[in-house]
Amino acid sequence: MTATIETTVGDIVASDFRAAAVFHKFGIDFCCGGGATLSDACQKQNVSAGAVLEALTTACAAPDARTPRFNAWDVSTLVSYIVSNHHAYVREALPAIQAHTRKLASVHGENHPELLEVTALFEGVAEEMTSHMMKEEQMLFPFISALGAAAERGTPVPAPPFGRVSNPIRMMEQEHESAGSAMARIREVTGGYVPPADGCTTYRITMRELEAFEADLHAHVHLENNILFPKAKQLAGE
Numbered sequence: 001m002t003a004t005i006e007t008t009v010g011d012i013v014a015s016d017f018r019a020a021a022v023f024h025k026f027g028i029d030f031c032c033g034g035g036a037t038l039s040d041a042c043q044k045q046n047v048s049a050g051a052v053l054e055a056l057t058t059a060c061a062a063p064d065a066r067t068p069r070f071n072a073w074d075v076s077t078l079v080s081y082i083v084s085n086h087h088a089y090v091r092e093a094l095p096a097i098q099a100h101t102r103k104l105a106s107v108h109g110e111n112h113p114e115l116l117e118v119t120a121l122f123e124g125v126a127e128e129m130t131s132h133m134m135k136e137e138q139m140l141f142p143f144i145s146a147l148g149a150a151a152e153r154g155t156p157v158p159a160p161p162f163g164r165v166s167n168p169i170r171m172m173e174q175e176h177e178s179a180g181s182a183m184a185r186i187r188e189v190t191g192g193y194v195p196p197a198d199g200c201t202t203y204r205i206t207m208r209e210l211e212a213f214e215a216d217l218h219a220h221v222h223l224e225n226n227i228l229f230p231k232a233k234q235l236a237g238e
């Protein structure tokens, strides 16, 4: 990996996805905050840029054929991967997490009032992500795939039905920011998804589910904000 403190965190993860685990360890936002330089991101988290660079070098030193090079994929392959992996995961995970958070709020809300906020926040995330994915799959992603197909054939770029492709992309990025902020708040009020001493089995399971959901959201948003969307805008001549 060739990175400096002036490289954006989004570009670092795009070049080697193993960097995501390093940023997660240091609390650095590489998805919605992917446009920040490593220097600025480290300053925001009050961590040493040198220490982060050293950790990145260690994590990404050896070649790893198992780590996908998403940045080298064409847009149609990226779209297919996002839908079949991340969208599918969200649709599968939402009902169980919603049921568990509601149960926790009902049973433990009196002793742990933060669960009422967790439940309300996740209900918002579920509603937003359901609508968000539908808009991507029905409108934005088919057009991005059409852009890729035109580039492969050498034919003219199709006219977008929404003015410019950057218009829906901007909306999707705003929704990413909203969902990410809600999950960050859930992480904050649960003390990093740590169940209390009196937490039951459902409590512990729900915290693990929420943590896994946020981790997947970070990877999901990174692929779109930092890789797919810039490729789409470039193909559209924007």
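The sequence shown maps to residues 1 to 238 in our numbering.
All C-beta atoms, glycine included, are put in the ideal place defined by N, C-alpha and C.
Since we're looking at a predicted model, the values are computed, not measured.
- Tell me the start and end of each unbroken alpha helix (DSSP H) in the region 130-210 that is at least 4 residues and wholly inside, in chain order. 141-153 and 166-189
- Exposed or buried, what is PHE213 when buried is set at 16 or more other beta-carbons lying within 10 Å of its beta-carbon? buried
- Item | Bridge partners - THR8, DSSP secondary structure assignment | THR37
- Task: Measure the CB-CB distance between VAL118 and GLY180 and report whether it falls below 8 Å.
- Result: no
- Query: By the 10 Å Cβ neighbour count, where 16 or more other Cβ atoms means buried, how is HIS192 classified, buried or exposed?
  - Reply: For the sequence presented, residue 192 should be read as Gly rather than His. So GLY192 counts as exposed.
- Where does ILE28 fall in DSSP's three states? coil
- Quick one: using the 10 Å Cβ neighbour count with 16 as the cut-off for buried, is GLU136 buried or exposed? buried
- Task: Grab me the residues of SER76's own chain with a C-beta within less than 6 Å of its C-beta, minus the 5 sequence neighbours each way, in chain order.
- Result: SER145 and GLY148
- Task: Determine the DSSP secondary structure at PRO113, reduced to helix, strand or coil.
- Result: coil
- Item | As assigned by DSSP and simplified to three states, the class of CYS42 | helix
- Per-residue burial, ASN111 [other beta carbons within 10 Å of its own, 16 or more giving buried]: exposed
- Three-state secondary structure (DSSP) at SER48? coil
- Message: Using 8 Å as the cut-off, can you tell me whether the region 154-167 makes contact with the region 8-19, which would need three or more C-beta pairs spanning the two stretches below that distance?
- Response: no
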